[in-house]
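Residue numbering for the sequence shown follows numbering that gives the first Met the number 0, beginning at 0 and increasing consecutively.
Built from N, CA and C at the ideal position, the CB exists for glycine as well.
Computed from a predicted structure; not experimentally measured.
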Amino acid sequence: MSAGRSAGPIALVGSGEFLPVMRPVDAELLEGRPQRAVFLPTAAALEGEDRLAYWIALGTAHYGAMGVEPVPLRVLSREDADDPGLAAQIDGAGLVYLSGGNPGHLVETLRDTLVWRTIQAAWLAGTALAGCSAGAIALSAVVPDPRSTEIGRIEPALGVVPQLAVIPHFDRFDRVLPRLASRIRAEAPPDVMTIGIDEETALVGGLEEWTVRGRQRVWVIDEDDEREGLRPGATLRAPLPTGPG
Numbered sequence: 000m001s002a003g004r005s006a007g008p009i010a011l012v013g014s015g016e017f018l019p020v021m022r023p024v025d026a027e028l029l030e031g032r033p034q035r036a037v038f039l040p041t042a043a044a045l046e047g048e049d050r051l052a053y054w055i056a057l058g059t060a061h062y063g064a065m066g067v068e069p070v071p072l073r074v075l076s077r078e079d080a081d082d083p084g085l086a087a088q089i090d091g092a093g094l095v096y097l098s099g100g101n102p103g104h105l106v107e108t109l110r111d112t113l114v115w116r117t118i119q120a121a122w123l124a125g126t127a128l129a130g131c132s133a134g135a136i137a138l139s140a141v142v143p144d145p146r147s148t149e150i151g152r153i154e155p156a157l158g159v160v161p162q163l164a165v166i167p168h169f170d171r172f173d174r175v176l177p178r179l180a181s182r183i184r185a186e187a188p189p190d191v192m193t194i195g196i197d198e199e200t201a202l203v204g205g206l207e208e209w210t211v212r213g214r215q216r217v218w219v220i221d222e223d224d225e226r227e228g229l230r231p232g233a234t235l236r237a238p239l240p241t242g243p244g
């Protein structure tokens, strides 16, 4: 998938979807766009109905308080993701948001489906696209399993941002899983940049230019496992891959 200059902005969020701390990021994404936010709790589908209800209620209240029309989209399975009625609800969105949960389930549910193709088309036409935690991973190049310490358990993600491998909740994961960053860096394609996004922090941009927003830092992890921390307002240039695909 190749994005042109008409594509909407993207936000990769470390945590905090639908909380007041992330309201300025959502407002930035929606600026100049229809005040309609479609959000998918897909990544939480395996956690049960109570968690789904929690995310839907939280997102609905969050966008309602912003004066934005909230549209929760219950895409919980691949069957849902090929439902024309659900896909049609994406039309007219100013923002499409993938919230947190299980990144592997999110990717496998959406990949090569009508809902995902509709989201891609909307984004390429100018709709903003955001992913938090599992959603941020899904939009990037690869899906690591942060619960595993085994090298090699990394799969392709949806690849909207093919030049980045994303570790959300980085301030927390880097303490409890200190080898995670080096494992992802070692197994990701060589032209993919590994970044950690702290909680309540976002990387906002598109194509190759990005800006840090939120409360903490975004970390760039190099091949020697050295980390450069970027504070809110800092910019990051992330060149697109030059290889096939």
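Distance between residue j and residue i (C-alpha atoms, nearest Å)
i: THR41; j: ASP221; result: 32 Å
i: MET65; j: ALA36; result: 11 Å
i: GLY195; j: ILE9; result: 16 Å
i: ALA44; j: LEU128; result: 20 Å
i: THR59; j: GLU207; result: 32 Å
i: ALA185; j: GLY130; result: 24 Å
i: PRO71; j: PHE38; result: 5 Å
i: LEU85; j: ALA124; result: 19 Å
i: TRP252; j: ALA6; result: Residue 252 lies beyond the stretch modelled for the chain, which goes from 0 to 244, so this question has no answer here.
i: THR210; j: ARG174; result: 25 Å
i: ASP100; j: ILE183; result: Residue identity differs from the one stated: residue 100 is Gly in this sequence, not Asp. Going from the Cα of GLY100 to the Cα of ILE183 covers about 19 Å.
i: ASP90; j: PRO83; result: 11 Å
i: ALA201; j: HIS168; result: 11 Å
i: THR193; j: ALA237; result: 10 Å
i: ARG230; j: GLY205; result: 18 Å
i: ALA187; j: PRO177; result: 17 Å
i: ALA92; j: ARG32; result: 8 Å
i: GLY47; j: VAL203; result: 31 Å
i: ALA135; j: GLY232; result: 19 Å
Burial state of residue i (16 or more Cβ within 10 Å)
i: PRO23; result: exposed
i: PRO143; result: buried
i: VAL12; result: buried
i: ASP25; result: buried
i: ALA87; result: exposed
i: GLY213; result: buried
i: ASP49; result: exposed
i: GLN34; result: exposed
i: LEU29; result: buried
i: ALA120; result: exposed
Sequence-distant residues of its chain with Cβ nearer than 6 Å to residue i (five each side left out)
i: VAL159; result: LEU138
i: GLY228; result: ARG216 and TRP218
i: LEU94; result: LEU28, LEU29, ALA36 and ALA127
i: LEU109; result: ALA80 and TRP115
i: LEU57; result: PHE17
i: ARG226; result: TRP218 and ILE220
Extent of the continuous alpha helix (DSSP H) to which residue i belongs
i: ILE55; result: 48–64
i: GLY84; result: 83–87
i: THR117; result: 113–123
i: ARG174; result: 169–175
i: PRO40; result: Careful: PRO40 lies outside any alpha helix (DSSP H) and carries neither H nor E.
i: LEU138; result: 133–138
i: ARG236; result: Element bounds for ARG236: not the alpha helix (DSSP H) but the beta strand (DSSP E), 234–236.
i: ALA307; result: As shown, the chain starts at 0 and ends at 244. That puts residue 307 outside it, with no answer to give.
Beta-carbon contacts of residue i that lie in its chain and below 7 Å, excluding the five residues immediately before and after
i: ASP170; result: ASP197, GLU198 and GLN215
i: VAL106; result: ALA137, VAL142, ALA156 and LEU157
i: THR234; result: GLU208, TRP209 and THR210
i: ALA133; result: ALA42, GLY99, GLY100, ASN101, PRO102 and LEU105
Beta-carbon contacts of residue i that lie in its chain and below 8 Å, excluding the five residues immediately before and after
i: THR112; result: ARG77, ALA80 and ASP81
i: GLU68; result: GLN34, ARG35, ALA36 and TYR62
i: VAL191; result: ALA140, VAL141, PRO161, GLN162, LEU163, ALA164 and PRO240
i: ASP224; result: ALA180, SER181 and ARG184
i: PRO189; result: none
Delimiting residues of the beta strand (DSSP E) encompassing residue i
i: ARG214; result: Note, ARG214: premise wrong, no beta strand (DSSP E); not H, not E.
i: ARG226; result: 226–229
i: ARG73; result: Taken as a continuous stretch (DSSP letters only), ARG73 belongs to no beta strand (DSSP E), as it is neither H nor E.
i: VAL106; result: No beta strand (DSSP E) holds VAL106; the alpha helix (DSSP H) holding it covers 102–109.
i: ALA26; result: That residue, ALA26, is in no beta strand (DSSP E); its alpha helix (DSSP H) goes 22–29.
i: PRO143; result: 141–143
Below-8 Å beta-carbon distance, residue i vs any chain C residue
i: ALA237; result: Of the chains in the structure shown, none is chain C; there is only one protein chain.
Review point. Between the stretch 52–63 and the stretch 114–122, do at least 3 Cβ pairs fall closer than 8 Å?
Key: no
**Study point:** Three or more C-beta pairs below 8 Å linking the stretch 68–81 and the stretch 10–18
**Key:** no
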